[in-house]
Amino acid sequence: MELTSTGVDFEQFAIGLNLASFPEAAQFVAREKELLKMHELLHGHSSRSAVVLHGLGGIGRLSWRSNTISNDSDCSAVDVRRYLPESDHGSIIITTRSARVTQGRRLQVQKLTGTEDGLKILSNMSGREGIENDPDAKALVMKLDGLPLALSTAGAYLEHVTFSFAEYLQLYEASWLKLQMTSPMLSSYEDRSLYTTWQVTFDQIRKQNAASAQLLKLWAYFDKQDVWFEPLQHACSADDKWIRKLTAQDDEWIRKLTEDDLNFNEAVRLLCVYVLAHAEPSLRQPSRFAGYSLHSCVHSWTISVLNCEWDNNLARLALTCVAFEVPSRDVDKWWRLQQRLLQHAARHEYFIADGIVDTKGIEWVLHNLGSLYGDQGKLADAEAMYTRALQGYKEALGPKHTLTLKMINNLGIVYVKQGLLYADQGKLANAEAMYTRALEGYEEALGLKHTSTLNTVHNLGILYKKQGKLANAEAMYTRALQGYEEALGLQLVPSYLPALITMWSLGDLFSMIGRTDSAKAMYSRALAGYTTVEGPSSESCRQLKDLLQALQVASNEPKAGQDESTEIGAPKSRSLERKHSTS
7 MELTSTGVDF
17 EQFAIGLNLA
27 SFPEAAQFVA
37 REKELLKMHE
47 LLHGHSSRSA
57 VVLHGLGGIG
67 RLSWRSNTIS
77 NDSDCSAVDV
87 RRYLPESDHG
97 SIIITTRSAR
107 VTQGRRLQVQ
117 KLTGTEDGLK
127 ILSNMSGREG
137 IENDPDAKAL
147 VMKLDGLPLA
157 LSTAGAYLEH
167 VTFSFAEYLQ
177 LYEASWLKLQ
187 MTSPMLSSYE
197 DRSLYTTWQV
207 TFDQIRKQNA
217 ASAQLLKLWA
227 YFDKQDVWFE
237 PLQHACSADD
247 KWIRKLTAQD
257 DEWIRKLTED
267 DLNFNEAVRL
277 LCVYVLAHAE
287 PSLRQPSRFA
297 GYSLHSCVHS
307 WTISVLNCEW
317 DNNLARLALT
327 CVAFEVPSRD
337 VDKWWRLQQR
347 LLQHAARHEY
357 FIADGIVDTK
367 GIEWVLHNLG
377 SLYGDQGKLA
387 DAEAMYTRAL
397 QGYKEALGPK
407 HTLTLKMINN
417 LGIVYVKQGL
427 LYADQGKLAN
437 AEAMYTRALE
447 GYEEALGLKH
457 TSTLNTVHNL
467 GILYKKQGKL
477 ANAEAMYTRA
487 LQGYEEALGL
497 QLVPSYLPAL
507 ITMWSLGDLF
517 SMIGRTDSAK
527 AMYSRALAGY
537 TTVEGPSSES
547 CRQLKDLLQA
557 LQVASNEPKA
567 GQDESTEIGA
577 PKSRSLERKH
587 STS
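Residues are numbered in the working numbering as their position in the sequence shown, beginning at 1, plus a constant of 6.
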């Protein structure tokens with residue numbers, strides 16, 4: 007319809023729409039689920055409708071912008087209604103980093119899930135096609151954990167260099183800040199770079215709660231996942247002059263943070279409001295003990311930007327908090343708590359191995375981490391921690407101090423476990439080396455007649471038998487049995503299970519080399535002991551009776567031409583070698 011036909015000039019009511027400042031999204035990667043949800047929330051209303059998109063900086067909120075939009079680092083600090091039109095119709099989209107804005111129906115923009123969309127962004131920005139099945143590209147997308155700004159930054163950098171995806175990932179892990187500072191600015195993001203995008207948010211948090219800001223800085227010295235209140239609670243109880251120095255100099259935030267779980271929740275809740283952190287609900291943990299996590303890129307930012315200079319006090323604070331929380335095996339469900347601590351211990355293991363955290367004077371921390379690794383079957387890591395602790399105790403307290411000897415004993419336990427593992431794998435030379443080291447440690451720390459020493463002697467006997475060193479095996483078994491008799495007395499030996507296992511092992515060995523009478527004697531002693539300990543109808547007693555009967559049958563058969571040193575026809579013990587291992 008022509009305007010002149012009505013006699014009304016509608017152009018006087020037109021409002022020009024200037025999109026010059028809006029970046030063109032030529033290669034937009036849509037999120038179908040979120041788009042459908044926005045459509046549902048905005049359409050089908052007779053009155054005005056509004057949606058608040060909130061999420062982590064760099065998560066891709068601004069890629070949605072159309073219609074009337076306000077974006078502010080802290081919309082909760084201003085009255086958004088002042089900037090909204092007074093009309094009672096239309097659609098409004100507000101984007102913000104804060105979850106506090108309530109002038110509409112809220113929709114949190116989450117990170118990209120899976121790798122498909124992330125690979126599309128990486129491919130679009132880098133100009134590299136056909137990367138869907140590239141394992142290095144997938145590894146990079148997984149590392150950037152679905153953050154569009156990080157993916158776009160990586161793609162923009164790779165567009166103009168010859169680096170492979172694997173080389174970029176190596177740079178990302180080794181030189182995060184330098185890599186981000188030399189990456190191209192992105193016109194499609196208001197903050198333009200990954201390393202500055204969270205600074206505005208951090209400044210807002212610091213103004214509202216200093217403890218929240220300091221917690222975020224401290225988080226760099228923990229793993230990015232599953233930080234909870236109980237380990238931090240040890241901060242003000244740590245018996246460490248470095249921690250006392252820290253809390254004396256700047257005790258307000260750490261004391262406030264760890265005073266009770268309400269203060270901790272207040273501090274971490276603010277991080278969650280700005281989506282820097284998020285709760286990690288777990289069916290395995292009561293809600294009170296649930297942990298909180300950071301996005302992988304945010305954690306890298308806390309390390310490289312908030313802690314651009316290494317803070318040894320904070321590092322030792324985090325280390326002692328983790329070590330204090332390690333439970334002993336007599337604590338209810340100790341294995342669950344240990345598993346939660348493993349990732350934090352692994353982070354500090356890296357610091358300790360590189361020598362960038364000072365562990366002098368806190369050997370107990372190394373001991374606790376060694377116990378954690380030992381209980382969780384990480385024997386090489388346990389050995390490394392115990393060895394460092396032993397060296398520290400020797401230098402500080404001397405070689406005969408009880409703590410030094412205890413550490414030698416703990417190393418012996420690790421060596422025994424390593425020996426058993428190597429034996430199971432058939433690596434008998436390695437197993438022998440571990441048992442020998444364990445035996446030397448036990449002899450030094452506990453003495454020749456201690457039961458732990460004798461148990462290791464017995465295990466060496468088993469190993470020598472597997473290696474075919476039968477004379478050595480007999481010597482070890484005999485030494486172990488005589489040691490038990492001297493340590494416990496002849497009256498207690500028949501009821502001591504490790505001694506009975508050694509008797510059984512000697513019976514197997516004597517049977518193997520044709521010393522029938524000696525085998526019968528050992529089996530009979532073992533049978534008498536098991537009858538007392540387990541009862542006459544036990545499986546052990548049944549097996550020993552079968553072995554004695556087989557020896558009796560074999561001894562009644564003709565022996566013409568049989569060499570006394572060769573194996574006779576008696577069957578081998580049906581008991582497993584592991585049953586004969588002692589620890």
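By construction, the Cβ of each residue, glycine as well, lies at the ideal position given by its N, Cα and C atoms.
At the C-beta level, Glu-138 and Leu-125 come within 7 Å of one another. For the pair Gly-467 and Leu-372, the Cα-to-Cα distance works out to about 32 Å. For Gln-549, the uninterrupted alpha helix (DSSP H) run begins and ends at 545-561, by DSSP.
Rounded to the nearest whole angstrom, the C-alpha separation of Gly-513 and Gly-520 is 11 Å.
If you check the CB distance, Trp-259 and Ala-216 come in under 7 Å. Per the coordinates, the alpha-carbon of Ser-561 lies some 32 Å from the alpha-carbon of Asn-461. In the three-state scheme derived from DSSP, where H, G and I count as helix and E and B as strand, Gly-297 is classed as strand. Arg-322 sits in a helix when the DSSP states are folded into three classes. Close CB contacts of Asp-387 within its chain, under the 7 Å cut and outside five residues either way in sequence, are with Glu-355, Tyr-379 (chain order). For Ser-97, the uninterrupted beta strand (DSSP E) segment begins and ends at 97-102.
Note: His-284 is bridge-paired with Ser-299 in the DSSP secondary-structure output. Contact between Ala-429 and Leu-469 holds, since their C-beta atoms are separated by about 6 Å, short of 8 Å.
Under the criterion of beta carbons closer than 8 Å, Asn-465 and Gly-425 qualify as touching, at roughly 6 Å.
In this structure, the beta-carbon distance from Lys-230 to Leu-300 falls below 7 Å.
Counting C-beta pairs with one atom in each stretch, the region 484-501 and the region 442-461 have three or more that are closer than 8 Å, which means they touch. Put simply, the region 157-172 touches the region 129-143. At least three CB pairs are less than 8 Å apart.
No residue range can be given for Arg-134, since it is assigned to no beta strand (DSSP E) and is classified by DSSP as neither H nor E. The closest CA to that of Arg-353, considering only Glu-540, Tyr-227, Glu-369, is found on Tyr-227. Looking at the backbone, the Cα of Arg-443 and that of Asn-415 are separated by about 11 Å. With contacts defined by Cβ atoms closer than 7 Å, Leu-200 and Ala-156 form a contacting pair. For the 7 Å CB-CB criterion, Ala-273 and Ser-218 form a contact.
Note on geometry: alpha-carbon atoms of Trp-204 and Leu-222 lie some 12 Å from one another.
When C-beta atoms of the region 476-483 are compared with those of the region 492-505, fewer than three pairs fall below 8 Å, so the two segments do not count as touching. Val-58 is bridged by DSSP to Ile-100, Arg-112.
With respect to the 7 Å criterion, Leu-550 and Tyr-529 are classified as neighbours on the basis of their beta carbons. By the 16-neighbour rule on beta-carbons within 10 angstroms, Asn-318 is exposed. The criterion of a C-beta distance shorter than 7 Å is satisfied by His-350 and Val-328. Taking a C-beta distance under 7 Å as the contact criterion, Gly-404 and Tyr-392 do not qualify as a contact pair. In terms of Cα proximity to Val-167, the closest of Thr-188, Ala-180, Leu-150, Leu-452 is Thr-188.
Judged by DSSP in its simplified three-state form, Val-332 adopts coil rather than helix or strand. By the beta-carbon neighbour count (other beta carbons within 10 angstroms, threshold 16), Asp-266 is exposed. A straight line joining the alpha-carbon of Gly-120 with that of Gly-152 spans about 8 Å. For Thr-308, same chain residues with a beta-carbon under 8 Å away, outside a window of 5 residues either side, are Leu-222, Lys-223, Trp-225, Ala-226, Leu-300 in chain order. Of the candidates Glu-450, His-456, Met-509, Ala-435, Ala-435 places its Cα closest to the Cα of Lys-475. Taking a contact as a CB-CB distance under 8 Å, the pair Leu-238 and Thr-264 counts as one, their CB atoms being some 5 Å apart.
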